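Asks: Sending over a structure as structure tokens; questions will come in a sec.
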Amino acid sequence: MKKPVVLCVDDEATIRDSLRIELRKSLGRECSIETAASGEEALEIFAELMEEGYEVAVAIVDYTMPKMTGIELCKRIQEIAPKTLKIMLTGESDVRILMSGFKEAGLHRYLVKPWKSEFLQTLVANGLKAYFINLKMEQALKRSEKLRQSLQQYQKFNNKI
Numbered sequence: 001m002k003k004p005v006v007l008c009v010d011d012e013a014t015i016r017d018s019l020r021i022e023l024r025k026s027l028g029r030e031c032s033i034e035t036a037a038s039g040e041e042a043l044e045i046f047a048e049l050m051e052e053g054y055e056v057a058v059a060i061v062d063y064t065m066p067k068m069t070g071i072e073l074c075k076r077i078q079e080i081a082p083k084t085l086k087i088m089l090t091g092e093s094d095v096r097i098l099m100s101g102f103k104e105a106g107l108h109r110y111l112v113k114p115w116k117s118e119f120l121q122t123l124v125a126n127g128l129k130a131y132f133i134n135l136k137m138e139q140a141l142k143r144s145e146k147l148r149q150s151l152q153q154y155q156k157f158n159n160k161i
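Everything in the sequence shown is counted per this note's numbering, starting at 1 for the first residue and increasing by one.
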């Protein structure tokens with residue numbers, strides 16, 4: 001299986017670089033880190049990664065970007081990859097704005113700039129774990145459903161005998 005990807009999206013190069021450096025330092029063995037400067041670029045990268053068989057487990061998205069806001073980008077990600085955990089990066093302190101994002105765009109968490117390095121690393125590490133726990137649960141549910149169907153067929157067959 002290919003390494004999961006963490007996609008960091010911010011229009012400020014210094015923020016993208018900080019995210020990449022901090023996450024590579026702490027999670028470099030567990031995941032690949034990709035960055036994008038805009039929502040449009042993020043969607044292009046997302047499509048390329050999915051086409052190549054990578055899973056974007058976590059997307060860290062800046063709230064305020066030109067052309068496409070972080071909320072709009074998260075909504076688009078929710079449509080194409082609902083399992084991807086989305087973390088909103090914001091300088092906004094208005095909780096109402098952030099709360100609307102949780103409802104509208106399926107946000108997992110938010111992170112206020114400037115962030116503490118340890119908190120960022122823990123947040124993303126926990127996001128990766130949650131992503132894979134959710135995948136395993138989904139696989140277990142599918143197996144359980146197949147077993148239930150097999151049992152029903154077996155019972156029907158036995159009733160005919």
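Even for Gly, the Cβ is constructed at its ideal location relative to N, Cα and C. The structure displayed is predicted, hence computed values, not measured ones.
K113 bridges to which residues according to DSSP?
Replies: Within the sequence shown, numbered from 1, the residue matching residue 113 stands at position 113. Answer by DSSP bridge pairing: none, since K113 is not bridged.
Asks: Given this structure, state the Cα-to-Cα distance separating L49 from L98, to the nearest angstrom.
Replies: Residue 49 sits at position 49 when you count from the first residue of the sequence shown. Residue 98 sits at position 98 when you count from the first residue of the sequence shown. Answer to the nearest angstrom: the Cα atoms are 28 Å apart.
Asks: Mind checking which residues open and close the alpha helix (DSSP H) that includes A47?
Replies: Here residue 47 is taken as the residue at index 47 of the sequence shown, counted from 1. A47 -> alpha helix (DSSP H) spans 39 to 51.
Asks: Name, in chain order, the residues that DSSP records as bridge partners for V61.
Replies: Residue 61 sits at position 61 when you count from the first residue of the sequence shown. According to DSSP, which records beta bridges pairwise, V61 is partnered with V9, M88.
Asks: By a C-beta neighbour count over all protein chains shown, 10 Å radius and 16 as the cutoff for buried, is M137 buried or exposed?
Replies: To locate residue 137, count along the sequence shown from 1; it is residue 137. Result: exposed.
Asks: Whose C-beta lies closer than 7 Å to the C-beta of K75 among residues of the same chain, with five residues either side of it excluded?
Replies: As a first step, residue 75 must be located in the sequence shown, where it is residue number 75. The answer, listed in chain order, is E104, A105.
Asks: Which stretch, first to last residue, makes up the beta strand (DSSP E) that contains E34?
Replies: Position 34 of the sequence shown, counting from 1, holds the residue named residue 34. From DSSP, the beta strand (DSSP E) with E34 extends over 32 to 36.
Asks: Please list, in chain order, all residues of the same chain as G190 whose beta carbon is under 8 Å from its beta carbon, the five residues on each side excluded.
Replies: The question about residue 190 has no answer, for the chain in this structure spans 1 to 161.
Asks: With A57 and I77 assumed to form a contact (beta carbons below 8 Å), what rounded beta-carbon distance in angstroms separates them?
Replies: As a working mapping, residue 57 is identified with position 57 in the sequence shown. As a working mapping, residue 77 is identified with position 77 in the sequence shown. In fact, because the Cβ distance is near 12 Å, the residues do not count as touching under 8 Å.
Asks: For L89, I'd like the list of residues in its chain whose CB is within less than 6 Å of its CB, leaving aside the five on either flank, ordered along the chain.
Replies: Looking up residue 89 in the sequence shown gives position 89. Around L89: I60, D62, L111.
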